[in-house]
Amino acid sequence: MSTPFLDHILTNINSLLGALFLLSAFVLMVARQVQGFLRGFVRQSLLLALSALVLGWLQQSPELVIVALITLAAKTLIIPNLLVRTLQPQIRSRREVDFVVNTPVSLLVAIGISVLSYFFVVPLLAGASPSVSVNLPVGLDVLLIGVYTLAIRREAVPQVLAIMAIDNGAFYAGIAITSSSAIVELAAGLEGVIVVLVVAILTRTLAENVGTTQVGAMATLKEGDKP
Amino acid sequence: MMVAAIPVIPLLAALAVLLFRHPTPARLITAAGGLATLLLSIDLAQQVTHRVDLVVLPGWVGVNGLSALILVLQGFVAMTATIYSWGYMKHQARAGEARERRYYLNLNLFLSSLFLVPIFLQPALTWVAVELTTVLSVFLVSFDSTPQALEAAWKYAIITIMGATVAVLGIFLLLWGLSLAHVAVQTWASLKATAPLMPPLLLKLAFVLILIGFGTKVGIVPMHTWLPDAHSQAPSSVCALLSGIEVSTILYVIMRLWPVFAWIPGSFAQHWALAFGLLSVGVAAFLMIQVHDFKRLFAFSTVEQMGIVLVALGLGPAGGYASLYQVLTHAVTKSLAFYSAGAVLLTTGTRDIASVKGLIRVSPVSAMSLLFSGLAIAGAPPFAIFLSELSIFRSTWQTGHILVLVLLLGFLTVAFLGVLLKVNRMVFGQSHHRPVSLPLTIRFALLVGWLPVLVFGVYLPRPMHHLLTLAALTLRR
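Respectively, the protein sequence lines represent chains A and B.
Be aware that the first sequence starts at 346, since it is given in my numbering, and climbs by one per residue.
Be aware that the second sequence starts at 158, since it is given in my numbering, and climbs by one per residue.
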C-alpha cells in the first residue's frame, strides 16, 4: 500500500497543513467578531484532524485515525453546536472593539513567540522524523500564541475558544510525538466538551445576572479597596 | 478493589441525592459517604504501609505511599466538610430546598473527581481527573450567584483550565521521551525508570510546562490571581475543600513527577521550585497585610503555604519528608480555618474584617475557633503547622540554604503579624452583633477539625510518621 513516493507526498502535505495550522493561530488572535472566531476555531480543528489522518497513514496507526475522528466529532461538531445552542444570538454576534493590546503589536509579539519557540525546540529535533520536526515546534507555538490570545481577550466566548485553541496546539504536537492510547484521547475529547458546556452555562449565567459578557471588565475582587 | 470504591462512593451518593426531593436524605447520604471514604482511605493507607505499593489494575489503577497520604487527607477533609455543610447550607438564608439539593449533587461529583486524581497510574489519565476537578467545582464556586461569585468562578475556570491545557503538552513530551527509549508502558513507574535515558532538554521543557501548567491550579505566584477570589467566594465548606486539599492534590501530580525531573542536570527543578516557592511566600505574606475580607486572608495563606511546600521540595531529598509533613498539617489546619471563618460569617453576615468586632461576646465558640485557627495557620505553637515548619527550617539549615532560611523566616513573620492583627481586631472589642447560636453539626465539625491540629501539634503518631516516610521515599529519583 504505502510507497516511498506516497510517503514523500504525504509528508509534504503534513508540512503544508502545519503552515496552515500556524496561520490559523494568527487568524484567531486578530479575529474581532465572535462568530468569526468560532469559524476560525472550527477550521483550525479541521486542520488538526487532517494532520492526524495523514500521520495515521504514515505511521500505519489506527489509533491516530480514531483521534482524528474524535477531534472532528468534538471540536468541529459538538462544541460549536453547544455554544450556539446555549448562548443567545446577541452574545454570539458581539464584536470586540478594544483588545488589551492592539493588533500590530500583537502580530509582532506572536512572530516573536514563533521564532523563540522554534529555536527552543530545535536541539530536540536532531534525528527526529520529518513529521515531528513540523508538529512539535508548530504545536508549541500555537499553544503559546493561544495563551497570548487568551490574555488579550475581554469577551467571554473568545476566551473559551482560545482555551480550546491552546488544546489544539498541545494535541497537534501530541499526535506526532506520542502513541498515546485512544482511550486517553477519547477521555480528553469528552473533557473538552464538558469544559465548553460548563463555561457556556457560566457565560449565560453571567449575561443574565451581571448583564455583560465582557469578562475583562470584571474587577470587583481585589485588595486595596473595601469589598 | 477498595481503591476503586473510594471515588465511586461519592458518585453513588450524587445519584442518591437525585432520588430524593427533600434535602434531609441528601445531607445524611453525603455525610455518610464522607465518613465511608475516610474509613476506606485509612484502611488503604494501612495496607500500603505494609506492602509499599498496591496495584489494583496493573498499568491503570494503584496506590503508593504518596497517593495514600493524599487520599487520607482528602478523606478527612471530605468527612468534616460534608458534616459542616449540613448546618451551613441549612442556615444560609438564600438556600432553599432545591438549591440545597443541587449543592449536594455538585459537592458529591466534585469529591468523586478529587478522589480520582491520586489513584490513576497513568499521567495522562491523572490529567483528565485534574481537569474534572475544575469543571465539577466551577458551579460550587459560583453557588451564591452574586456578581462577585460569578466573577470568581469565571476566573477560576478560565485560568486553571488554561493551566491544565499547557500542562498536557508537558505530559505529551514525557510520553515522547518514553517512546524514544522504546518503552510502551505509560505509567509513573515507567517514567521514573526511563527518565535517565531521556534528553535533558526534553525533561527541562516538560518540567517548565508542567510546573507552570499545574502550578496555576496550585496557586503559585504569579499564576495565583484566581485563587483568592475562588477560595473566598465559594460556600465555606467548599472553601475548606478547595484550599485544604484540592491545591495539595494538584501539587501531588507535580510531586509524582519529581523523581523524573530530579534527573535534569544542575538541580534545575530544585532551583525553580525554590524561586517560585519563595516568590509565592513573599508575595502572599505582604498581600495578607492588605486584605479586607477574612476569607481572602485565609485564601492568601494557602498561596503562602503552597510556597512553603515548594521551597521544601526545592531542598532536594533532605526536604522531601518536611514538604509532605507541611502538606499534612496544612490540610487539617486550613480546612479548620475555613470552618471557623464560615462560622463567623454565619454569626455576623459579613466578610469584611473592619465590620466585625467583639466576636467573643456574641459567639464565643466561633471567636475562639477563629482566633486559635488563625494562630495555628500562622505557625504558632503548640499547633500542627509549627512542628512541620520547624522541620522545614531544620532541612533548610542542614542543606546550607542560609539565604532561603532568612527570607523564609522574614516572610513568615510578616504573614504571622498579618493574620494576628486582623483576627485580633475581629475577636476583641465592643460588639454590635446579635448573639447567634451555631448549629450542632457546625460545632461538631469544628470539634473534629480541631483534633488533628492539636494532636499533631504535640506529636506525630507512629503510623502517620510511617506513611510520611514512605511517601517521602517516592520523591527520590
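Glycine residues also receive a C-beta, built at the ideal position from the N, C-alpha and C atoms.
Bear in mind that the values here come from a model prediction, so they are computed numbers and not experimental data.
For the stretch 434-463 of chain B, list every residue whose C-beta sits within 8 Å of some C-beta in chain A, in sequence order.
L444, Q447, V448, H449, D450 and R453
Buried or exposed by the 16-neighbour rule on C-beta atoms within 10 Å, applied to A/K571
For A/K571, the pLDDT reaches just 49, beneath the cut-off of 50, and the residue's location in the model is therefore unreliable, leaving the point undetermined.
Residues that B/V220 bridges to, as DSSP identifies them
B/L211
At a Cβ threshold of 8 Å, is A/M374 touching chain B?
no
Can you list the residues of chain A that B/S654 reaches, using a CB-CB cut of under 9 Å?
Nothing about residue 654 of chain B can be reported from this structure: the residues present for chain B run from 158 to 634 only.
Can you tell me whether DSSP reads A/R377 as helix, strand or coil?
coil
DSSP three-state call for B/R184: helix, strand or coil?
helix
Local Cβ density within 10 Å of A/N297, reported as buried at 16 or more and exposed below that
Residue 297 of chain A lies beyond the residue range present for chain A, which begins at 346 and ends at 572; the question has no answer from this structure.
Taking Cβ positions only, does A/T416 come closer than 8 Å to chain B?
no
With a CB to CB cut of under 6 Å and the five nearest residues on each side skipped, what residues in its chain are close to A/Q378?
R440
List the residues of chain A that B/F573 touches, going by C-beta distances under 9 Å, in chain order.
Under the 9 Å cutoff, chain A gives no residues; its nearest Cβ is about 19 Å from B/F573.
So, for B/M291: in the same chain, excluding its five sequence neighbours on each side, which residues have a beta-carbon less than 8 Å away from its beta-carbon?
The amino acid occupying residue 291 of chain B in the given sequence is Thr; Met does not appear at that position. Counting only Cβ-Cβ distances below 8 Å, and skipping sequence neighbours, we find Y313, A314, T317, I318, A321 and K374.
With DSSP run on the structure shown, which of helix, strand or coil describes B/F277?
strand
So, is the C-beta of A/P468 closer than 8 Å to a C-beta in chain B?
yes
Min CB distance B/T322 to chain A below 8 Å
yes
For a cutoff of 8 Å on Cβ pairs, would you count B/V292 as touching chain A?
yes
Provide the residue(s) that pair with B/D450 in DSSP beta bridges, ordered along the chain.
B/D509
Can you tell me the Cα-Cα spacing of B/L632 and B/A193, whole angstroms?
29 Å
What residue from A/E553, A/I522, A/N513 and A/A533 has the CA that sits closest to A/A394's CA?
A/N513
With distances taken between CB atoms, is the gap from B/V468 to B/V561 smaller than 8 Å?
yes
Look at the alpha carbon of B/P357 and the alpha carbon of B/W429, and state the distance between them as a whole number of angstroms.
15 Å
Is any beta-carbon of chain B found at less than 8 Å from that of A/K571?
With a pLDDT of 49 at A/K571, under the threshold of 50, the predicted position of this residue should be treated as unreliable, though the coordinate-derived value follows. Yes, contact with chain B.
Can you name the residues of chain D whose CB is closer than 8 Å to the CB of B/F233?
Protein chains in the displayed structure are A and B, and chain D is not among them.
Cutoff 8 Å: B/Q249 Cβ touching any chain A Cβ:
no
If we cut at 8 Å on Cβ distances, does B/A363 have a partner in chain A?
no
On the three-pair Cβ rule with 8 Å, is the stretch 239-256 of chain B touching the stretch 171-191 of chain B?
yes
Of all Cβ atoms in chain B, is any one closer than 8 Å to the Cβ of A/L409?
no
Check B/R582 in the structure and name its three-state DSSP category.
helix
If we define contact as Cβ-Cβ less than 8 Å, is B/A314 a contact residue for chain A?
yes
Quick one: which residues of the stretch 510-521 of chain A get their C-beta closer than 7 Å to a C-beta of chain B? List them in chain order.
I511, D512, A515, A518 and G519
Since A/E568 meets chain B, which of its residues come closer than 7 Å, beta carbon to beta carbon?
L444, Q447 and V448
Helix, strand or coil for A/R440 per DSSP?
strand
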